[in-house]
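Have a look at the structure below before the remarks.
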Amino acid sequence: MNYNGTAVQRYNGTKAKGTIVIDYSQIPSPCYVIDEERFRNNLSLIKRVSDESGAKIILAFKGFSMWGVFGILKEYISGAAASSLHEARLCFEEIGSPAHTYSPVYKDIEFEEILEYSSHISFNSLEQYKKYSNILQKYSKKISPGLRINLEFSEISHGIYDPCSPGSRLGITSDDLKAGLPEGIEGLHFHVLFESDSYALGKVLNVVEHKFGIHFHALKWINMGGGHLITGRNYDTAHLIKILKDFRKRTGLHVILEPGSAFAWETGELVATVEDIVENQGIKTAILDVSFTAHMPDCLEMPYKPKIIGATDPLPGKPTYRLGGSSC
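Going by the working numbering, the first residue of the sequence shown is number 1415, and it counts up by one from there.
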């Protein structure tokens, strides 16, 4: 188990469903806690899928970037997906390999430094690739360039996370590539899933091949983005392995997946302390030493309902509290 990058000893308690009990009272608050046993279980599963499918699976920092556990992570995978200069640097310095980098837009002042920390770089528009292609060609090391594509199709039911909604700023449509790929492009990158299963990926791949398959002969790789909840309890990993192997055999392309949440899915908790209880019109609110905006943003954006150890939905005769954070 780790917190904030520092190892802490496990509580010498009894086993509960194969996992050593954690004494949360001995952990500083507020604090994210990663249980090493659960974390390694997820990593082992992801590595097995990678090994058996032949696809390269890397970590998307957008979903998980707790660098204090990267020493463990590096035992199982060897790369990460970055979306900014400092994420690319984080991958290079803390994972020890250059990043697969994509950003909706690159800044002149940062671009060459991003290249220093990257092995692959994907562009959001043809204009961005045109702007930086000469720098890529003259750069001192080989960087593999790609384009983010917009499938105009998505399996995501949550509009806030749908990158292919009408008018989306993300990616290049098939109509934009009717004249062919720009010279030098080696890969395509799409991201259209969110906490999705392998069957959703199968539907997406049908669309990818239908709309962009004409370009596959000129490519080396395809990045299938994130949103693959490989470590979810009901995820069919055998089906994922099969469709990835079949796709590789059919197209001859090197396949990359970059899940984020799957790496840390259900591997830990956020420890918080109730610092005050306020009451207004009969509603009691427990004020925590964490911020929903800073520590649990998806609870506001989705919204998710946090799971609380030992808590239940409201029961008659039992005390009921609303939870509030320390930010206003």
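Every residue, glycine too, gets a C-beta built ideally from N, C-alpha and C.
Given a cut-off of 8 Å, decide if residue j and residue i are closer than it, judged by their beta-carbon atoms.
i, j, result
"valine 1606", "proline 1580", "no"
"glycine 1598", "tryptophan 1635", "no"
"histidine 1687", "serine 1439", "Sequence check: residue 1687 is threonine here, not histidine. Contact: no."
"phenylalanine 1608", "tyrosine 1649", "no"
"glutamate 1680", "arginine 1452", "yes"
"glycine 1682", "valine 1447", "yes"
"leucine 1658", "valine 1618", "no"
"isoleucine 1586", "leucine 1561", "yes"
"leucine 1584", "asparagine 1538", "yes"
"alanine 1632", "leucine 1595", "yes"
"serine 1497", "lysine 1470", "no"
"leucine 1550", "glutamate 1527", "no"
Is it buried or exposed, residue i, if we count other Cβ atoms within 10 angstroms and call 16 or more buried?
i, result
"isoleucine 1460", "buried"
"asparagine 1620", "exposed"
"leucine 1474", "As written in the sequence, residue 1474 is alanine, which differs from the leucine given in the question. Alanine 1474 should be labelled buried."
"isoleucine 1472", "buried"
"serine 1749", "Since the first residue of the chain shown is 1415 and the last is 1742, residue 1749 is not available in this structure."
"glutamine 1542", "buried"
"glutamate 1507", "exposed"
"glycine 1731", "exposed"
"glutamate 1489", "exposed"
"cysteine 1505", "buried"
"glycine 1432", "Residue placement at glycine 1432 is poorly supported in this model, since its pLDDT is 49, which falls under 50; the coordinates still yield a value, given next. Glycine 1432 comes out exposed."
"valine 1692", "exposed"
"alanine 1593", "exposed"
"glycine 1639", "buried"
"methionine 1415", "The predicted position of methionine 1415 is uncertain, since its pLDDT is 36 and thus under 50; no value can be drawn from it."
"leucine 1729", "exposed"
If I measure Cβ to Cβ from residue i and keep anything under 7 Å in the same chain, skipping five residues before and after, which residues do I get?
i, result
"threonine 1428", "Confidence in threonine 1428 is poor, its pLDDT being 37 and thus under 50, which makes the residue's placement too unreliable to answer from."
"tyrosine 1546", "Tyr1520, Phe1525"
"alanine 1652", "none"
"aspartate 1703", "Ser1443, Pro1444, Ala1686, Thr1687, Glu1689, Ser1740"
"glutamate 1715", "Ile1574"
"phenylalanine 1630", "Thr1665, Leu1667"
"serine 1588", "Lys1625, Phe1626"
"threonine 1726", "none"
"serine 1610", "Glu1569, Gly1641, His1642, Leu1643"
"isoleucine 1523", "none"
"alanine 1708", "Ser1741"
Could you pull out every residue in the same chain whose Cβ sits closer than 8 Å to the Cβ of residue i, ignoring the five residues on either side in sequence?
i, result
"leucine 1654", "Val1463, Ser1467, Ser1612, Leu1615, His1642, Ile1644"
"glycine 1724", "none"
"serine 1558", "Ser1533, His1534, Ile1535, Glu1600, Gly1601, Lys1634, Trp1635"
"phenylalanine 1478", "Gly1674, Ser1675, Phe1677, Ala1678"
"serine 1458", "Tyr1490"
Tell me which same chain residues have a C-beta within less than 6 Å of the C-beta of residue i, skipping the five on either side of it?
i, result
"asparagine 1637", "His1603, Ile1670"
"tyrosine 1718", "Asp1712"
"glycine 1493", "Ile1472, Ser1511"
"asparagine 1426", "For asparagine 1426, the predicted structure reports a pLDDT of 38, less than 50, and the residue's modelled location is therefore unreliable. A value from the coordinates is still provided. Counting only Cβ-Cβ distances below 6 Å, and skipping sequence neighbours, we find nothing."
"isoleucine 1722", "none"
"tyrosine 1382", "Look at the range of the chain in this structure, 1415 to 1742, and you will see that residue 1382 is not part of it."
"arginine 1662", "Gly1468, Val1669"
"lysine 1555", "none"
"glycine 1419", "Since pLDDT at glycine 1419 reaches only 42, below the 50 mark, its modelled position is unreliable, and no value is offered."
"glutamate 1501", "Phe1475"
Does any C-beta atom of chain C lie closer than 8 Å to the C-beta of residue i?
i, result
"serine 1571", "Note that chain C does not occur in the displayed structure, where there is just one protein chain."
With hydrogens ignored, establish whether the beta-carbon of residue i is closer than 7 Å to any heavy atom of the ligand ADP.
i, result
"threonine 1681", "Here there are no bound small molecules, and the ligand ADP is not part of this structure."
Self-check item: In chain order, each beta strand (DSSP E) run of at least 3 residues that lies wholly inside the segment 1507 to 1549
Solution: 1513 to 1516, 1532 to 1537
Quiz item: Given 8 Å as the limit, is there contact between the segment 1661 to 1669 and the segment 1482 to 1489, that is, 3 or more CB pairs closer than that?
Solution: A contact between stretches requires three or more CB pairs, one per stretch, nearer than 8 Å, and the segment 1661 to 1669 fails this requirement with the segment 1482 to 1489.
Exercise. Could you say if the segment 1507 to 1515 and the segment 1525 to 1534 meet the contact criterion of at least three C-beta pairs nearer than 8 Å?
Key: yes
Quiz item: Along the chain, which unbroken stretches of the alpha helix (DSSP H) at least 4 residues long are found entirely within the segment 1603 to 1631?
Solution: 1612 to 1626
Quiz prompt | Unbroken stretches of the beta strand (DSSP E), 3 residues or longer, contained in the segment 1545 to 1604 | solution = 1558 to 1562, 1601 to 1603
Practice problem: Scan the segment 1702 to 1735 and note each continuous alpha helix (DSSP H) run of 4 residues or more that stays entirely inside, going in chain order. | Solution: 1706 to 1709, 1712 to 1715
Quiz item: Going along the chain, which unbroken runs of the beta strand (DSSP E) with 3 or more residues stay wholly within the segment 1628 to 1709?
Solution: 1635 to 1637, 1668 to 1671, 1682 to 1685, 1688 to 1694, 1697 to 1702
Quiz item: Going along the chain, which unbroken runs of the beta strand (DSSP E) with 3 or more residues stay wholly within the segment 1456 to 1506?
Solution: Counting only runs of at least 3 residues, the segment 1456 to 1506 fully encloses the following beta strand (DSSP E) elements, listed from N- to C-terminal order: 1494 to 1496.
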